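Report on one structure; see the data block that follows.
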Amino acid sequence: MNVLFDEPGPRGRRRIRIATVVAIVLGAAVLALALNQFAVNGQLDPRKWQPYGTWPMWKYLLNGLGGTLLAAGLVLVLAMPLGLLLALGRLSERRWIRWPARTYIEVFRVVPALLMVFMMLFALPRYGLDLPTLWKLVVPLTLNRSAQLAGVFRAGILSLDAGQGEAAAALGMRPWQAMWQVILPQALRHVLPSLISQSVGTVKDTSLGYVLSFAEVITIGKQLASYNRYLIQTYLVIALIYFVINFALSRLGRWLERRERRIGHVAAPADPGII
Amino acid sequence: MNVLLDYLPEFGRGVLTTIELTVLSFAGAMLIALVVVSCRVSPVKPLRAFAIAYVEVFQNIPLLLWLILIIFALPEIAINFDLFACAVLALSLYSAAYYAEALRSGINSVAKGQAEAARALGLGFLRTQTSVVLPQALRSVLQPLCNITIGLLMNTAITAGTGIPELTAAANAVNVITSDPLPVYIGAGIVYGLLALLISLVTSRLEKKLVIHR
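In the order they appear, the protein sequences are chains A and B. This note's numbering numbers the first residue of the first sequence as 1 and each following residue consecutively. This note's numbering numbers the first residue of the second sequence as 1001 and each following residue consecutively.
Structure below.
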């Protein structure tokens, strides 16, 4: 029980039982209504679902998934070190390092990734910078994600007890040495769950490849649907693919968080990676 | 910069659509989130299961796919909305999952003793919630709510991918006419920044007003 409710008495328990039955009946009714809506429009026809049980179809979809994972992987590999560097810059004692880092983080935190994708697509080619399609997606997403990751890393570093840095200084370590050998190893463990939720956000971000016709899983789905006309089936299968991948990732994040807490480290609050 | 002034009406309409999308979706999302979080903290098991499923499903599938599902796939089962309503619906459903999680962590952050004390004073369920628990819960999550709202503002750009004439789409349209892209896109970026700043300012005003002195 949470803060809202007391342990229920006999009357409360009866009310909860009644509410449970009502909720189940209501849920079943909504589900039946939805299925009926599918059925009367002929969308439950096995012929329309059967293609998604065949290997050639999945081979095609997995190609798209490959594009999605390639882009997401590249963004994460590039954005993580960049984000860490930005976080260190943001915490620097030197103004000429702190301000550029801060400006970068503030700017890319509020400019939509899609606007930057369009900039890559329509603006930069005019000035002679025409990147391959994959990089037109990866570069803007990296700029965007690194700003968010900088916030995560910074929170992790600040979550450590000040005594850690002081003890390192007392042992005669230089500031960068203390950061590298004492603070970062602990901070990184603290933010591990948040990093996983950022990777969920990154996988979702790559869906913007759709506007570039980059061969990620939604683009592939669009091609499939315009070929076989099974729109609702195709997009539901793709939703399922995203769900399986991201659900597994977020479960991993939560498991790590629980483990950290059990060991006694206080994990930095996992922020849901938006988009 | 002249480009921006010459095409002020186009930009203005785009900015207005972005603001409309953000405000309407914020209202819709908060409404859905309140329902979802009420289910999540209720003692009724199927309602809790629904709330958990809602959050997982909407957080793990990209917004663009929700837009596509609502705009292109729902008509296949004879459910049609106009384009703008589709965008607001997708943005609301999607953001609600995040708002619901933030609200829940707010409720969890209220000390149990607060509710116990309220009950000991003889307050009923409703009075306990509305005058003791929820006000504290809401105040403690203002900052996360602000961040999610800025995320929502940025997410409205994604609707450009499905043909909603908001700010990002307006920037594209003006760019096609003028082929002077840099000021056009930088201008749009600055407008997004200003709108985000506005959301932060409103939040910090609220925070100052509602701060809890402990």
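Glycine included, C-beta positions come from ideal geometry on N, C-alpha and C. Being a predicted model, the structure only gives us computed values, none of them experimental.
- Across the stretch 1079 to 1090 of chain B, CB contacts with chain A closer than 9 Å involve I1079, in sequence order along the chain.
- The alpha carbon of P1062/B has as its nearest neighbour, out of Y1007/B, V1110/B and L1093/B, the alpha carbon of L1093/B.
- For F153/A, the enclosing alpha helix (DSSP H) stretches over residues T133 to L158.
- Distance from the Cα of I220/A is smallest, within the candidate group L62/A, G201/A and T54/A, for L62/A.
- Nothing from the stretch 180 to 199 of chain A brings a Cβ to less than 8 Å from some Cβ of chain B.
- If the five residues before and after S213/A are omitted, its C-beta is found closer than 7 Å to the C-beta atoms of T219, all from its own chain and listed in chain order.
- Straight through space, the alpha carbons of S199/A and R251/A are spaced by roughly 12 Å.
- I1164/B and L1067/B have their C-alpha atoms spaced approximately 11 Å apart.
- Counting of Cβ neighbours within 10 angstroms places G53/A among the exposed residues, the total staying below 16.
- Nearest to L143/A by C-alpha distance, out of L86/A, I196/A and P185/A, is L86/A.
- In the structure shown, the three-state DSSP call for L171/A is coil.
- Nearest CB-CB separation between Q37/A and chain B: below the 8 Å threshold.
- At the C-beta level, V1176/B and N2/A stay beyond 8 Å of one another.
- A straight line joining the alpha-carbon of P140/A with that of L74/A spans about 12 Å.
- For T142/A, not one C-beta of chain B is nearer than 8 Å to its own C-beta.
- The residues W1066, L1067 and I1070, in chain order, have a CB closer than 6 Å to that of A1090/B in the same chain once the five nearest residues on each side in sequence are set aside.
- At least 8 Å separates the beta-carbon of A113/A from that of E216/A.
- A distance of 8 Å or more separates the beta carbons of A1096/B and I1186/B.
- Residues of chain B whose Cβ lies closer than 9 Å to the Cβ of L171/A do not exist, since the nearest Cβ in that chain is about 36 Å away.
- Every alpha helix (DSSP H) stretch that sits fully inside the stretch 1081 to 1135 of chain B and reaches 4 residues is listed by chain position as 1083 to 1109, 1112 to 1120 and 1125 to 1128.
- Interface flag for Q223/A against chain B is unset, since no Cβ pair is found closer than 8 Å.
- Going by beta carbons, E1010/B and A1173/B fall inside the 8 Å limit.
- By the rule that beta-carbons nearer than 8 Å mark a contact, K136/A does not touch chain B.
- Three or more beta-carbon pairs drawn from the stretch 190 to 198 of chain A and the stretch 148 to 166 of chain A are found closer than 8 Å, and the two stretches are therefore classed as touching.
- Excluding sequence positions up to five before and after L124/A, its CB lies within less than 8 Å of the CB of D130 and L131, all in the same chain and listed in chain order.
- In the DSSP assignment, W49/A falls within the alpha helix (DSSP H) that extends over P46 to W49.
- D161/A sits in coil when the DSSP states are folded into three classes, being neither helix nor strand.
- At least 8 Å separates the beta-carbon of L1152/B from that of A1196/B.
- At a Cβ-Cβ threshold of 8 Å, K48/A and Q223/A do not count as neighbours.
- Residue-level contact check: V1037/B does not touch chain A, since none of the beta carbons of chain A fall below 8 Å from its beta carbon.
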